Amino acid sequence: MPTRREEDLSQAADEVATNNYQPSDYQSSSFTEKGLAVTHEQVSDDYMEGNNDPAKRP
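Printed below as a string of structure tokens:
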């Protein structure tokens with residue numbers, strides 16, 4: 001039988017898995033939606049920056 005913590009983690013994972021980024025997430029009061037907004041921004045920044053490995057820079 002799962003513990004209360006395992007149930008909470010499973011519920012949180014389900015919430016994250018059923019959501020996707022929306023621009024309105026920055027103003028949301030939901031912890032999950034704010035986290036998606038921050039993660040989206042970080043990934044977007046890294047993608048736009050390109051490779052940050054000095055050995056592979058031109």
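At the far end of the sequence shown sits residue 58, using this note's numbering, and the numbering has no gaps.
Glycine included, each C-beta is placed from N, C-alpha and C at the ideal position.
Quantities reported herein were computed from a predicted structural model and do not represent experimental measurements.
_Nearest to D25 (by Cα), restricted to the options M1, E41 and A55_ = Ranking M1, E41 and A55 by Cα distance to D25 puts E41 first.
*Distance, Cα to Cα, S29 vs N19?*
When rounded, the distance between both Cα atoms is 14 Å.
*asked:* To the nearest angstrom, how far is the alpha carbon of V1 from that of E49?
replied: Residue identity check: residue 1 is Met in the sequence provided, not Val. About 46 Å.
*Rounded to whole angstroms, how far is the Cβ of V16 from the Cβ of T32, which I believe are closer than 8 Å?*
Going by Cβ atoms, the distance from V16 to T32 rounds to 6 Å, so yes, they are a contact pair.
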